[in-house]
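Chemist:
Residue numbers (our numbering), protein chains in the order written: chain A, 341 to 431; chain B, 341 to 431.
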């Protein structure tokens, strides 16, 4: 799966990301990778579940990984540990 | 792994749950299962990462599952779909 089929989850409404994933799949992608950090992780799970259960019932969760990333704070310049998650969906 | 070694993640501070997991492990549990729903999912990932990277470096993620649960709203009585997550940690 190429890096291009990745959707990064942020603070937009959930359905924006669902639509982004669906667009990738309808353009011939074999699968989609959903990436999120921090509070957006629960949104990433929502996106995956809505996709699987409602819109793209032919795809399933292939792999879920969790990790920690170091992010530099814009305010203090300190390095903070932030949890990250990768959900791979495929046929 | 018995159902007793399960920690449900809610709205308390992250370290409360880390401590709960550590207590289970020090009382001889082979592993711990972390469960969360909705917004608590990102906290669950934080708990798992803090445990693995800082306090219990001999354990690792065995399995991660995501699912959807139907929860009845106390206010409206409607059934709402809520994402859920289970993280299994073990040696």
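Note that beta-carbon positions come from the ideal geometry of N, C-alpha and C, so glycine has one too.
Being a predicted model, the structure only gives us computed values, none of them experimental.
Beta strand (DSSP E) containing residue 405 of chain B: first to last residue?
Modeler: In the second chain, counting from the first residue as 1, residue 405 of chain B sits at position 65. Where residue 405 of chain B is concerned, the enclosing beta strand (DSSP E) stretches over 400-412.
Chemist: Spatial neighbours of residue 405 of chain A within its chain, please: C-beta separation below 6 Å, excluding the five flanking residues on both sides.
Modeler: Taking the first chain and counting its residues from 1, the one referred to as residue 405 of chain A is at position 65. Around residue 405 of chain A: 426.
Chemist: Closer than 7 Å by beta-carbon distance: list the chain B residues that pair up with residue 386 of chain A, in chain order.
Modeler: By 1-based counting over the first chain, the position of residue 386 of chain A is 46. Going along chain B in sequence order, the residues near residue 386 of chain A (Cβ under 7 Å) are 423.
Chemist: If you reduce the DSSP assignment to three classes, tell me which class residue 380 of chain A lands in.
Modeler: Locating residue 380 of chain A in the first chain gives position 40, where the first residue counts as 1. Reduced to three states, the DSSP call for residue 380 of chain A is helix.
Chemist: Identify each residue in the region 368-382 of chain B for which the Cβ-Cβ distance to at least one residue of chain A is less than 8 Å, and report them in chain order.
Modeler: Against chain A - using a Cβ distance shorter than 8 Å - the residues of the region 368-382 of chain B are 378, 379, 380, 381 and 382.
Chemist: So residue 383 of chain A and residue 349 of chain A are in contact, right, with Cβ under 8 Å, and what is the actual spacing, rounded?
Modeler: The sequence position of residue 383 of chain A within the first chain is 43, counting from 1. The sequence position of residue 349 of chain A within the first chain is 9, counting from 1. With a Cβ gap of about 5 Å, residue 383 of chain A and residue 349 of chain A count as contacting.
Chemist: Can you name, in chain order, every residue of its own chain whose Cβ lies under 8 Å from the Cβ of residue 408 of chain B, other than the five neighbours on each side?
Modeler: By one-based count along the second chain, residue 408 of chain B stands at place 68. Around residue 408 of chain B: 421, 422, 423 and 424.
Chemist: In whole angstroms, what separates the C-alpha of residue 344 of chain A from that of residue 412 of chain B?
Modeler: The count along the first chain starts at 1 and reaches residue 344 of chain A at position 4. The count along the second chain starts at 1 and reaches residue 412 of chain B at position 72. Those two C-alpha atoms are separated by around 39 Å.
Chemist: With a threshold of 8 Å between beta carbons, is residue 401 of chain B in contact with chain A?
Modeler: Taking the second chain and counting its residues from 1, one reaches residue 401 of chain B at position 61. By this cut-off, residue 401 of chain B is an interface position.
Chemist: Thinking residue 428 of chain A and residue 393 of chain A are a contact (beta carbons under 8 Å), I'd like their distance in whole angstroms, please.
Modeler: Taking the first residue of the first chain as 1, we reach residue 428 of chain A at position 88. Taking the first residue of the first chain as 1, we reach residue 393 of chain A at position 53. At roughly 17 Å, the Cβ-Cβ gap does not stay under 8 Å, so residue 428 of chain A and residue 393 of chain A are not in contact.
Chemist: Using 10 angstroms around the beta-carbon of residue 410 of chain B, count the other beta-carbons present and answer buried if the total reaches 16, otherwise exposed.
Modeler: Locating residue 410 of chain B in the second chain gives position 70, counting from the first residue. Label assigned to residue 410 of chain B: exposed.
Chemist: Can you tell me whether residue 393 of chain A sits near the ligand PLP, meaning its C-beta is under 7 Å from at least one heavy atom of the ligand?
Modeler: This structure lacks the ligand PLP, and indeed carries no ligand of any kind.
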